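Protein sequences appear in the order of chains B and V.
According to the working numbering, the stretch in the first sequence is residues 123 to 413, in order.
According to the working numbering, the stretch in the second sequence is residues 278 to 606, in order.
All residues carry an ideal CB built from backbone N, CA and C; glycine is no exception.
Just so we're clear, the structure is a prediction, and the values are computed from it rather than from any experiment.
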Amino acid sequence: MSLFDWFADRQKNAPTVRVTQEQEEGDGLWSKCPECSLVVYRKDLVANASVCKGCGHHNRIDSPERIALIADPGSFEPMDTGLSPTDPLAFKDRRSYADRIRDSQQSTGLLDAVVTGICRTSGLPLALGVMDFRFMGGSMGSVVGEKLTRLIETATARRIPVLIVCASGGARMQEGMLSLMQMAKISGALERHRQAELLYLPLLTYPTTGGVTASFAMLGDLILAEPKALIGFAGRRVIEQTLREKLPEGFQTAEYLRDHGFVDAIVDRTEFKATLASLLTMHGCRETVPA
Amino acid sequence: MARRALLEFEKPLVELEEQIEQIRQLARDSEVDVSQQLLQLETLATRRRKDIFDALTPSQKIQVARHPQRPSTLDYIQVITDEWLELHGDRRGSDDRALVGGVGRIGEQGVVLLGHQKGRDTKENVARNFGMASPGGYRKAMRLMEHADRFRLPILSFIDTPGAYAGVLAEEQGQGEAIAVNLREMFRLRVPILATVIGEGGSGGALGIGVADRLLMFEHSVYTVASPEACASILWRDAGKASTAAEALKITGPDLLKLGIVDLVLPEPSGGNHSAPLQAAETLKSALLEQLSELQGLSESQLIEQRYAKFRRMGRVLDSESPIASPSS
Ligand SMILES: [Zn+2]
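What follows is the structure in structure tokens.
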């Protein structure tokens with residue numbers, strides 16, 4: 123048994139280990155839960171869908187990790203992998219948009235903030251779109267809009283359901299009004315998918331805000347969310363400024379939205395794939411798509 | 278006539294207008310013939326005003342677009358229609374006064390009209406929530422648009438909002454959901470939809486009644502993805518950079534025409550729509566009727582197909598597999 127495995131084994135069986143600040147700044151093999159401070163072997167955390175075993179905290183995950191959790195191994199066929207952003211407004215704030223794009227592309231290995239493709243999940247066909255928060259906060263510009271629209275159009279043509287995993291701060295301001303119009307474009311594609319009586323499920327994760335909330339995030343036949351995910355239209359600071367008072371307890375969490383009637387169910391990430399399979403089956407999805 | 282609120286860049290005109298007024302006074306009080314001087318000065322004032330308004334920067338246009346005396350949705354509806362009846366309520370428990378609408382008639386043509394409504398003064402603005410609609414407002418708009426679809430009445434929508442209302446109650450009532458549903462459903466409607474940005478178009482709150490077959494915009498109106506103030510504080514970390522942000526965001530009619538967002542930019546009277554509201558309303562009315570007659574030549578399925586295709590083209594991406602900037606550029 124290697125030392126790593128020994129640690130892993132020990133971690134699984136061990137009672138909660140709480141550590142000091144020193145140990146936290148380790149070599150990246152260990153991970154400390156930001157909520158309950160439980161320290162676990164990183165590999166174990168990933169094996170548990172990056173959900174803390176101590177408190178159930180859902181750590182943010184990137185698009186490859188999300189796809190691995192939903193798509194059957196080897197089944198994901200990516201679409202439109204060559205689409206990359208342009209800088210239509212030649213936008214520059216403190217830094218140029220072109221530089222921001224290049225940095226995000228280098229650090230993530232992605233061309234923009236969404237990965238789309240067709241896959242199987244528990245054997246069932248699915249059009250899957252996964253937003254990646256690492257790429258400029260998952261902001262929605264022309265590429266995100268175009269890729270999601272093409273995904274939905276493909277799903278409509280193939281008569282298969284769509285799942286979009288939302289993680290976004292909203293519109294990408296650096297693309298100006300072109301970015302806002304992506305909200306309409308995607309909603310239009312969803313209208314056609316809906317007319318074809320096909321199932322659309324958004325999964326809202328931390329965070330789902332702004333223009334994404336005011337478009338495809340809220341248009342699901344069923345709307346699913348991860349525990350404690352931040353979901354809202356307006357930013358908390360904006361609301362606090364207008365209100366000049368403290369926000370209610372749990373404001374803009376997945377649970378808050380469920381209690382006000384805007385989220386159907388909160389699904390733990392470790393159970394998501396099984397829940398998805400049940401829902402797809404209940405709605406008549408089968409392994410072979412009717413011709 | 279009530280003295281109109283002066284904008285900073287209009288100040289050079291003030292001195293000239295005062296001179297004109299003094300000469301008029303002189304003419305009334307004495308027998309001196311001043312018509313020649315008066316004509317000269319008035320010509321000069323007209324030219325100066327035109328020069329100023331022709332060269333407005335984006336942030337100056339925002340000031341014109343937000344001018345308290347700029348004609349509002351209700352002002353335009355009064356002039357455009359031969360008769361109309363305001364309708365109230367979302368049928369779910371609220372009637373948002375920040376988003377108004379009703380049925381009307383222009384000649385023989387029945388129409389549904391709706392739009393954001395700002396107030397003229399502080400008191401009215403409080404009642405209208407400064408034109409920031411609540412979820413109930415967007416649901417009222419949707420209900421009126423469903424009505425239009427059912428009776429095949431064209432929809433005339435007027436955009437004039439700093440943005441959808443941001444508040445605890447708005448979040449609880451599903452601001453995001455209300456706007457999202459409008460975006461989707463507007464693609465389904467079988468009647469022509471004409472939207473006009475009459476003042477400021479702020480983000481999703483504007484788009485929530487803006488999925489149209491034709492988008493018109495007045496010369497000094499603006500349409501933004503986020504308010505330049507918010508954009509400046511987020512991207513520049515400095516709210517004072519709002520005018521720089523306004524420049525960078527490309528929010529004016531000519532810019533949005535180039536980007537393929539807006540279909541038609543309507544000229545304003547020299548000095549802006551607030552200086553000649555009736556003229557502005559006539560410009561709008563004839564543009565709307567012209568666009569409407571074009572759209573009425575289409576079948577319902579053509580109309581829906583063209584609306585989808587119009588939005589489908591929006592965006593600029595680079596496709597390395599077919600390296601042509603597509604689809605619209
Ligand atoms: Zn924990």
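Using a Cβ-Cβ distance cut-off of 8 Å, determine whether V/L484 contacts chain B.
yes
Rounded straight-line distance, which links the Cα of V/I383 to that of B/R217
51 Å
On the CB-based measure, 16 or more other CB atoms within 10 Å of its CB, does V/H393 come out buried or exposed?
buried
Hey, is B/F255's beta-carbon within less than 8 Å of any beta-carbon in chain C?
Looking for chain C here will not work: the only protein chains present are B and V.
What number of angstroms, rounded off, separates the C-alpha of B/S159 from the C-alpha of B/G176?
9 Å
Does V/C508 come out as helix, strand or coil in the three-state DSSP assignment?
helix
Kindly identify the DSSP beta-bridge partner or partners of V/G381.
V/W361, V/V388
When the cut-off is 8 Å and only beta carbons count, does B/D194 lie next to chain V?
no
Would you identify the three-state DSSP class for B/I192, choosing helix, strand or coil?
helix
Reduced DSSP secondary structure (H/G/I, E/B, other) of V/E477:
strand
Counting only runs that start and end within the stretch 263-332 of chain B, where is the beta strand (DSSP E) found for 3 or more residues in a row?
284-290, 322-331
Any idea if V/E308 is buried or exposed, counting beta-carbon neighbours within 10 angstroms, 16 or more meaning buried?
exposed
For V/A457, would you say it is in contact with chain B, using Cβ-to-Cβ distances shorter than 8 Å as the test?
yes
Alpha carbon to alpha carbon, how far is V/I666 from V/K535?
In the structure as shown, chain V begins at 278 and stops at 606. Residue 666 of chain V is therefore absent and cannot be evaluated.
Identify the contact partners of B/I388 in chain V, using a Cβ-Cβ distance below 7 Å as the criterion.
Per Cβ cutoff of 7 Å: no residues; B/I388 is ~17 Å from chain V at best.
Shorter than 8 Å from the beta carbon of B/R414 to some beta carbon of chain V?
Because chain B here runs from 123 to 413, residue 414 of chain B falls outside it and cannot be looked at.
Using 8 Å as the threshold, is the C-beta distance between V/V502 and V/S480 below it?
yes
Does DSSP classify B/G239 as helix, strand or coil?
strand
Applying the 10 Å Cβ sphere with the 16-neighbour rule, what's the burial state of V/F464?
buried
Which bits of chain V does B/K307 rub up against, with CB to CB less than 8 Å?
F588, R589, M591, G592
Using the beta-carbon of each residue, find all residues closer than 6 Å to any heavy atom of ligand 1 and list them in chain order.
B/C155, B/E157, B/C158, B/L160, B/C174, B/G176, B/C177, B/H179
Determine, using beta carbons only, whether B/I183 and V/A443 come nearer to each other than 8 Å.
no
Going along the chain, which residues of its own chain have a beta-carbon closer than 8 Å to the beta-carbon of V/Q296, five neighbours each way excluded?
L318
Nearest-angstrom beta carbon gap, B/L323 and B/A339 [assumed within contact, 8 Å]:
Actually they do not touch by this definition, with Cβ atoms about 11 Å apart.
Identify whether V/L460 lies in helix, strand or coil by the three-state DSSP scheme.
helix
Do we get a CB-CB distance below 8 Å when we pair V/F464 with the residues of chain B?
yes
DSSP bridge partner residues for V/H393 (one or two, in chain order):
V/L376
What residue range does the beta strand (DSSP E) around V/R491 cover?
491-495
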